[in-house]
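Beneath this line is the structure, given in structure tokens, with notes to follow.
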Amino acid sequence: MAISRRYFLTGASVLALTGGALARSYRGSVPWSSKTARPPSPAGLHQTFFSAEERSVIVAMVDRLIPKDEFPSASEAGVVTFLEDQLAGPYGRGDIYYLQGPFQQGTESQGYQAEAPAILYRQAIADLETAIRKEGTDGFTALDAEAQDDFLTALSEGEQELEHVDAKTFFDRLWEDTQLGYFGDPVHGGNRDMVGWKMIGFPGARYDYRPYIDHNGKALDLPPVSVAGNYQREAN
Amino acid sequence: MARKLPKREVVIVGFGWTGAIMAEQLTAEGLDVLALERGVWRNTSTDYAVTNAQDEVRYRFRHDLFEQLSRETMTFRNSSDQTALPMRMLGSFLPGTNVGGSGVHWNGITWRFLPSDFVARSHNEERYGPLPEDMTIQDWGVSYEELEPHYTTFEELCGISGKAGNLNGRLQQGGNPFEGPRSKEYPNPPMDMVLAPKLFAEAASGLGYKPFPFPSANMSRAYTNPLGVSLAPCTYCGFCEKFACGNYSKASAPTTILPVLMRRQNFELQTQAMVLRVLKAADGKSVTGVEYITPEGEIIEQPADMVILSTYINHNVHLLMVSGIGQIYDPRSQQGLVGKNYAYQITSGVTVFYDEETHINPFIGAGALGMVIDEFNGDNFDHSGLGFIGGGFIGQTQTNGRPVESLAVPDGTPKFGAGWKKAMRENYGHSVGIGTHGAVMSYRGNYLDLDPTYKDAYGRPLMRMTFDFTENELRMSDYLTDRAVEIAEAMGGREMTVSRRKGPYSIVPYQTTHNTGGHIMGASPADSVTNKYLQHWQMPNLFLTGAGAFPQNPGYNPTGTVAALAYHSAAAIRRSYLRAPGQPMVQA
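What follows is the structure in structure tokens.
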């Protein structure tokens, strides 16, 4: 086996097509073409995932996780719109997750062992409604606020079990997704009018903070911006 | 049947930092180089545009830049007596995909390891006596002095911003007094510090430590590297680690090497080429090429004179295993070397909360912006009577103010609800986190092998990771955390929370993308997979780059050493291997 030292000085830039319609072989130049940017895909305004009944349960749950005070509740801030869009899309389908069986519950340190998030949400809502009705109450929305909080706490600690899915796995997803809906970029359907960012003082998708490096502990009070600009829109 | 393509001189599998370094070095030597990348091409300026990139949902939580586990993942368990289950979602570590690899979304902290790190076994045994019987750490077979010029090359390629602490043996004010002698100052001055690292540095100085700026691949000023590629000043946008920089302010393969490499006519890049296995010669004494699959499902055989595996460590090890190259490690018999000495890092944190008048403005950040002390790293301190070896750095990096990822609330805050919301509002913008970042030694019971049950999308068995923190690491992390608490107390906040790392190791919360080992380097084929040039001992035309070569994991971010090892390997290939291709550069 001998390695010869050859120079390929063909001069011309070549962008070959190999094995299919897509350009996948690059030689002779830095590939670049216009209009190739990947802007964020805005949440579908009228995307639906939940049934009316499921939606009312989710609204009640997220509004206990982030209730209304001087600032809006989770659902008022668009968290449910965010969840509808997320669960109807690649996240809900689990496109990038490993979803081959066999499925079994492992130790906490082994992490998520459920099926796709859309399946997890739907099954968990059905299971928790069944569990609450068994106790004689007409579902989560019929519980008073304190009982709702106790139920969510029990889910989060794995004390309230669900029939088909791991309760804590569901709670952890719901809680993280709720925070993403409240504090994520509004282009994804939540954080309406950037209210989550205004509440804490996060300026959002700004690009250049060099003028403020020497702030020395002073408040900057920079109004937030979204990756989609000064993003506002009507409620779903 | 695989379609067989014409033979190439060099085939590189995986096109992140080390793939690009090897390609640049070997095309400069005139070799015909083909790189195969499973992901796609991305344009820095448009795909990572500064108008799009600052999106916590898309990048941090929906993993736009990370590998897709639906294609290949691993199974995980803490110990051999458990059943390993698939890592279905990423968590603890976040390997990248696409051209540029994980180096596109790294934070840019660019260390050199300590000279004593490279002789961890002999150094510690000499100073402290015999090590625990199940601790399988080794010397690297390469020295700091051998790597020094290559560290310099990488720092100049990236335009690292920092302050030298030891120039040719002379200690320098303001740098790390513990670092090995360096031949040159950093190419750029340190970044400008915001308030949080200043508070940390002031407190650390008051306790007698010598804080210094993190060595940073985020540009402190405009810079043109030795290849002639220009980088722009960092704008402190606070979307750095786990994000890509469309501003050309963070060194990565696409921003430092590719503008030059892609123009070379003796280089070709194939994207969406998923390499499934490495092909061996019938006599088992060399490799003959690789086999990959296209998105259309076509299997291609790509013959090559020389194969370089430059994928993320898990995949480098997995490729060896599914290709039948070398014996897979068995912890019971302690036979086999592939998958041996898997290690990780151990982190902990302390958060200092200030009153509402003190605005930390955490969103003014960069991946490697901060101040750090190195008094408790490696063997920079006397471990006598402490009950552990190894150490780590303690530092304050102000990386971001992303609300979901970085929220910090004091102890006693309700998990959710009105109390949580109030605490979130009152404390966001008024807290400073201190991190400890510690070494993990290698052990008989921490290893990689193949899973008996689960398969990837290509039908190959998944790799199985068996790993847990051990007593040495937990003691060490507690010791570092105690020191961090002392600094935090001196920082003058209202209150603090302490997050110690407790066992068992969990694959869920993000810790570091600093996985190591599994194809370790060393001085002898009896206890290592490659020699000090990253050349496979038994198949000398096969090279393996990356942190899989680390025999154990020191207390620093690995990229500087990963790159230095690649340059060291490339220099040896250019200097000696090409004179006698296919021959080992170190005699066994």
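Note that the protein sequences, when read in sequence, are chains Z and G. In the working numbering, each residue's number is its place in the first sequence (first place is 1) plus 1472. In the working numbering, each residue's number is its place in the second sequence (first place is 1) plus 738. The C-beta atom is built at its ideal place from N, Cα and C for all residues, glycine as well. The structure presented is a predicted model; accordingly, all values stated were derived computationally and were not measured.
State the DSSP-derived secondary structure class of G/Ile1063, mapped to helix, strand or coil. Here residue 1063 of chain G corresponds to residue number 325 of the second sequence, with the count starting at 1. The three-state reading of DSSP puts G/Ile1063 in coil, since its state is none of H, G, I, E or B.
Is the region 1159-1172 of chain G touching the region 993-1010 of chain G in the sense that three or more CB pairs, one from each, lie closer than 8 angstroms? no
DSSP state of G/Ser685 mapped onto helix, strand, coil: The question about residue 685 of chain G has no answer here: the residues shown for chain G are numbered 739 through 1326.
Selection of the region 1659-1677 of chain Z by Cβ proximity to chain G, strictly under 8 angstroms: Here the close residues are Val1659, His1660, Gly1668, Trp1669, Met1671, Ile1672, Gly1673, Phe1674, Pro1675, Gly1676, Ala1677.
So G/Gln1008 is in the beta strand (DSSP E); what residue range does that whole segment cover? In the second sequence, residue 1008 of chain G corresponds to position 270, counting from 1. Its beta strand (DSSP E) spans residues 1005-1008.
Verify the CB distance criterion: does G/Pro928 have a CB-CB separation below 7 angstroms to chain Z? Numbered from its first residue, the second sequence carries residue 928 of chain G at position 190. Cβ-Cβ to chain Z under 7 angstroms: no for G/Pro928.
Within its chain, find whatever has a CB closer than 6 angstroms to the CB of Z/Leu1627; leave out the 5 residues flanking it on each side and keep chain order. For this step, residue 1627 of chain Z is matched to residue 155 along the first sequence. If we look at Z/Leu1627 and ignore the five residues flanking it on each side, its Cβ neighbours are Ala1639, Phe1643.
Check the Cβ of Z/Gly1593 against every Cβ in chain G and list those closer than 7 angstroms, keeping chain order. As a position in the first sequence, residue 1593 of chain Z is number 121, starting the count at 1. For clarity, residue 1593 of chain Z is Tyr in the given sequence; the question names Gly instead. Within chain G, no residue comes near Z/Tyr1593; the closest Cβ sits about 15 angstroms away, beyond 7 angstroms.
Give the straight-line distance between the Cα atoms of G/Met929 and G/Phe952, rounded to the nearest whole angstrom. For the purposes of this step, residue 929 of chain G is taken as residue 191 along the second sequence, with counting starting at 1. For the purposes of this step, residue 952 of chain G is taken as residue 214 along the second sequence, with counting starting at 1. Roughly 9 angstroms separates the two Cα atoms.
Count the other C-beta atoms from every protein chain shown that fall within 10 angstroms of the C-beta of G/Met739, then say buried if there are 16 or more, exposed otherwise. Numbered from 1 along the second sequence, position 1 holds the residue referred to as residue 739 of chain G. Its Cβ having fewer than 16 others within 10 Å, G/Met739 is exposed.
From Z/Ala1493 to G/Gly841, what distance separates their C-alpha atoms? Numbered from 1 along the first sequence, position 21 holds the residue referred to as residue 1493 of chain Z. Numbered from 1 along the second sequence, position 103 holds the residue referred to as residue 841 of chain G. With a pLDDT of only 42 at Z/Ala1493, under 50, the local geometry of the prediction cannot be trusted, and no value is derived from it.
When the Cα atoms are used, what is the spatial distance from G/Arg1317 to G/His843? For this step, residue 1317 of chain G is matched to residue 579 along the second sequence. For this step, residue 843 of chain G is matched to residue 105 along the second sequence. Our two residues, G/Arg1317 and G/His843, have alpha carbons roughly 38 angstroms apart in a direct line.
Could you tell me the boundaries of the beta strand (DSSP E) in which G/Ile1225 lies? In the second sequence, counting from the first residue as 1, residue 1225 of chain G sits at position 487. Run containing G/Ile1225: none in the beta strand (DSSP E); it sits in the alpha helix (DSSP H), 1209-1227.
Please decide whether Z/Leu1537 counts as near chain G, where near means a Cβ-Cβ distance under 7 angstroms. Numbered from its first residue, the first sequence carries residue 1537 of chain Z at position 65. By the rule that beta-carbons nearer than 7 angstroms mark a contact, Z/Leu1537 touches chain G.
Identified DSSP bridge partners for Z/Gly1701: The sequence position of residue 1701 of chain Z within the first sequence is 229, counting from 1. In the DSSP output, where bridge partners are listed per residue, Z/Gly1701 has Z/Ser1698.
Give me whichever residues DSSP pairs with G/Lys1018 in a beta bridge. As a first step, residue 1018 of chain G must be located in the second sequence, where it is residue number 280. G/Val1025.
Alpha carbon of G/Ser881 to alpha carbon of G/Val857, nearest angstrom: Taking the first residue of the second sequence as 1, we reach residue 881 of chain G at position 143. Taking the first residue of the second sequence as 1, we reach residue 857 of chain G at position 119. Cα to Cα, the separation comes out at about 8 angstroms.
Go through the region 753-821 of chain G residue by residue and report every complete run of the beta strand (DSSP E) that reaches 3 residues or more, in order. 771-774, 812-815
By how many angstroms is the C-alpha of G/Phe916 removed from the C-alpha of G/Ala1226? Position 488 of the second sequence, counted from the first residue, corresponds to residue 1226 of chain G. Position 178 of the second sequence, counted from the first residue, corresponds to residue 916 of chain G. Answer to the nearest angstrom: the Cα atoms are 23 angstroms apart.
When G/Leu832, G/Phe1119, G/Ile1031 are compared against G/Ile1051, the one with the closest alpha-carbon: The residue labelled residue 1051 of chain G in the question sits at position 313 within the second sequence. When only C-alpha atoms are compared, the closest one is G/Leu832.
So what's Z/Glu1633 in DSSP terms, helix, strand or just coil? What you label residue 1633 of chain Z is simply residue 161 of the first sequence in a count that begins at 1. Of the three classes helix, strand and coil, the one that applies to Z/Glu1633 here is coil, per DSSP.
I want to verify the contact list: residues of chain Z whose CB lies under 8 angstroms from the CB of G/Glu794, in sequence order. For the purposes of this step, residue 794 of chain G is taken as the residue at position 56 of the second sequence. Leu1652, Phe1655, Gly1656, Asp1657, listed in chain order.
Residue burial classification, Z/Asn1688 (beta-carbon count within 10 angstroms, cutoff 16): Along the first sequence, one-based indexing puts residue 1688 of chain Z at 216. Under this definition Z/Asn1688 is an exposed residue.
Using 8 angstroms for Cβ pairs, my map puts G/Pro992 next to G/Val837. What's the rounded Cβ distance? In the second sequence, the residue the question calls residue 992 of chain G occupies position 254. In the second sequence, the residue the question calls residue 837 of chain G occupies position 99. About 6 angstroms separates the two Cβ atoms, so the contact holds.
Our contact map puts Z/Val1552 next to Z/Gln1595 with C-beta atoms below 8 angstroms; I'd like the distance itself, whole angstroms only. On the first sequence, residue 1552 of chain Z is found 80 positions in, with the first residue counted as 1. On the first sequence, residue 1595 of chain Z is found 123 positions in, with the first residue counted as 1. Contact flag wrong, Cβ pair sits at about 19 angstroms.
Looking only at its chain, what residues have a beta carbon closer than 7 angstroms to the beta carbon of G/Tyr1067, apart from the 5 residues adjacent to it on each side? One-based indexing of the second sequence puts residue 1067 of chain G at position 329. Here the set comprises Gly1074, Leu1075, Val1076, Gly1077, Lys1078, Tyr1185, Asp1187.
Please name the residues in the region 815-836 of chain G whose beta-carbon is closer than 9 angstroms to at least one beta-carbon of chain Z, in chain order. Arg815, Asn816, Gln820, Thr821, Ala822, Leu823, Pro824, Met825, Arg826, Met827, Leu828, Gly829, Ser830
Look up G/Asp1194 in the DSSP assignment and say whether it is helix, strand or coil. In the second sequence, residue 1194 of chain G corresponds to position 456, counting from 1. If DSSP states are grouped into helix, strand and coil, G/Asp1194 belongs with coil.
Would Z/Ala1493 pass as an interface residue toward chain G - the criterion being a Cβ-Cβ separation below 7 angstroms? As a first step, residue 1493 of chain Z must be located in the first sequence, where it is residue number 21. The predicted position of Z/Ala1493 is uncertain, since its pLDDT is 42 and thus under 50; no value can be drawn from it.
If G/Pro925 sits next to G/Glu893, beta carbons under 8 angstroms apart, how far is it from one beta carbon to the other, in whole angstroms? Translated into the one-based positions of the second sequence, residue 925 of chain G becomes position 187. Translated into the one-based positions of the second sequence, residue 893 of chain G becomes position 155. The Cβ separation is near 6 angstroms, so the contact holds.
So with CB distances below 7 angstroms, who are the chain G contacts of Z/Ala1691? Within the first sequence, numbered from 1, the residue matching residue 1691 of chain Z stands at position 219. Simply His1097.
Where Z/Ser1628 falls: helix, strand or coil (DSSP): If you number the first sequence from 1, residue 1628 of chain Z lands on position 156. The answer is helix: DSSP assigns Z/Ser1628 an H, G or I state.
Please state whether DSSP places G/Cys983 in a helix, a strand or coil. Start at 1 with the first residue of the second sequence, and residue 983 of chain G comes out as number 245. In this structure, G/Cys983 counts as coil in the three-state DSSP scheme.
So, under 8 angstroms CB-CB, Z/Ala1617 and Z/Arg1536 are touching, yes? Tell me the CB distance rounded to an integer number of Å. The residue you call residue 1617 of chain Z lines up with position 145 of the first sequence. The residue you call residue 1536 of chain Z lines up with position 64 of the first sequence. Yes, they are in contact, since the Cβ atoms of Z/Ala1617 and Z/Arg1536 sit about 7 angstroms apart, within 8 angstroms.
Simplified DSSP assignment, three categories, for G/Gln742: The residue labelled residue 742 of chain G in the question sits at position 4 within the second sequence. The question names Gln, but residue 742 of chain G is Lys in the sequence shown. The three-state reading of DSSP puts G/Lys742 in strand, counting E and B together.
With burial defined as no fewer than 16 other Cβ atoms inside 10 Å of the residue's Cβ, what is the status of G/Arg826: buried or exposed? Here residue 826 of chain G refers to the residue found at position 88 when the second sequence is read from its first residue. By the neighbour-count rule (16 or more Cβ atoms within 10 Å), G/Arg826 is buried.
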